[in-house]
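One structure is given below, encoded as structure tokens.
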Amino acid sequence: MRIFTFMRPLYTPKEGITPSLAVKYGKWLAELGIDAVEVSCGATNYSYMNMCRGDVPTPELVQGLSWWEKPIGKLMISKLEGKYNLEEGYNLEAAKMIKPSIGDTPLALVGGMRTVDQMEDTLKNNYADLISMSRPFIREPFLVKKIEEGKMEKVSCVSCNRCLAAVVNEFPVYCYNKGFPKK
Numbered sequence: 238m239r240i241f242t243f244m245r246p247l248y249t250p251k252e253g254i255t256p257s258l259a260v261k262y263g264k265w266l267a268e269l270g271i272d273a274v275e276v277s278c279g280a281t282n283y284s285y286m287n288m289c290r291g292d293v294p295t296p297e298l299v300q301g302l303s304w305w306e307k308p309i310g311k312l313m314i315s316k317l318e319g320k321y322n323l324e325e326g327y328n329l330e331a332a333k334m335i336k337p338s339i340g341d342t343p344l345a346l347v348g349g350m351r352t353v354d355q356m357e358d359t360l361k362n363n364y365a366d367l368i369s370m371s372r373p374f375i376r377e378p379f380l381v382k383k384i385e386e387g388k389m390e391k392v393s394c395v396s397c398n399r400c401l402a403a404v405v406n407e408f409p410v411y412c413y414n415k416g417f418p419k420k
């Protein structure tokens, strides 16, 4: 399966792929027969928390650093606090622009989708064909089943991002919202 991800250029030093360029490229890719397009944003080397908006768990992110790296790490990471707050569907407007240009090629949308109403509205209005998520599935592996059974209106992931700090610290991928282990 050939899937292309459009990364919006937020918080990067150069312009990158703007939504208007993504419309143009999406049309070309659809004509080439790509299997799907995903609309995303950010780049970890320029805007680490832009791709995973929400809380910045600074103490957990620097926990595994050596004693002399921790002060620098805290200073650098703390500058991200409050900069990339979670807004539901933060890539939705870009998806609305790109979707008409790609014809029948499926479009996946990632970016803070947290309420079932927003997900259903996005699909019903043909803004996207697929909803792409990561952190909510870490917290609730049976998320889709709960939604299908009508047992959920909003995912319980609060985007604390401790699951990402776990990866940095070489802990298992797990929801650590209730507490984070010490190294």
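In the numbering used here, the protein residues as written are 238 to 420. Yeah, the Cβ is synthetic: ideal placement off N, Cα and C, and Gly gets one too. Fair warning: this is a prediction, and the values are worked out from it, not measured in the lab.
Here K391 is not near A365, since their CB atoms are 8 Å or more apart. Using a 10 angstroms sphere on the CB of P378, the tally of other CB atoms stays under 16, which defines it as exposed. For L329, the uninterrupted alpha helix (DSSP H) segment begins and ends at 329-335. In this structure, R372 lies away from N322, with their beta-carbon atoms at least 8 Å apart. Relative to the Cα of T255, the nearest Cα in the group C278, K316, W265, L266 belongs to C278. Annotation: I314 to E306 spans about 12 Å, alpha carbon to alpha carbon. If you look at A345, you'll find it in the beta strand (DSSP E) that goes 344-347. Ranked by Cα distance from E275, the first of S338, L312, P343 is P343. Note on P294: 16 or more other CB atoms within 10 angstroms of its CB, so buried under the neighbour-count rule.
DSSP, read as helix, strand or coil, puts L298 in helix.
For S303, no beta strand (DSSP E) segment is defined, and its DSSP state is neither H nor E.
Residue environment analysis places G340 among the exposed positions, since fewer than 16 neighbouring C-beta atoms fall within 10 angstroms of its C-beta. T352 is positioned such that its CB atom lies closer than 8 Å to that of E325.
At the C-beta level, K420 and N406 come within 8 Å of one another. Exclusion of the five residues before and after C400 leaves R372, I375, V410, Y411, C412, Y413 as the residues of its chain whose Cβ lies within less than 7 Å of its Cβ. Collapsing the DSSP output to three states places C278 in a strand. Under the DSSP definition of a beta bridge, K316 lacks any partner.
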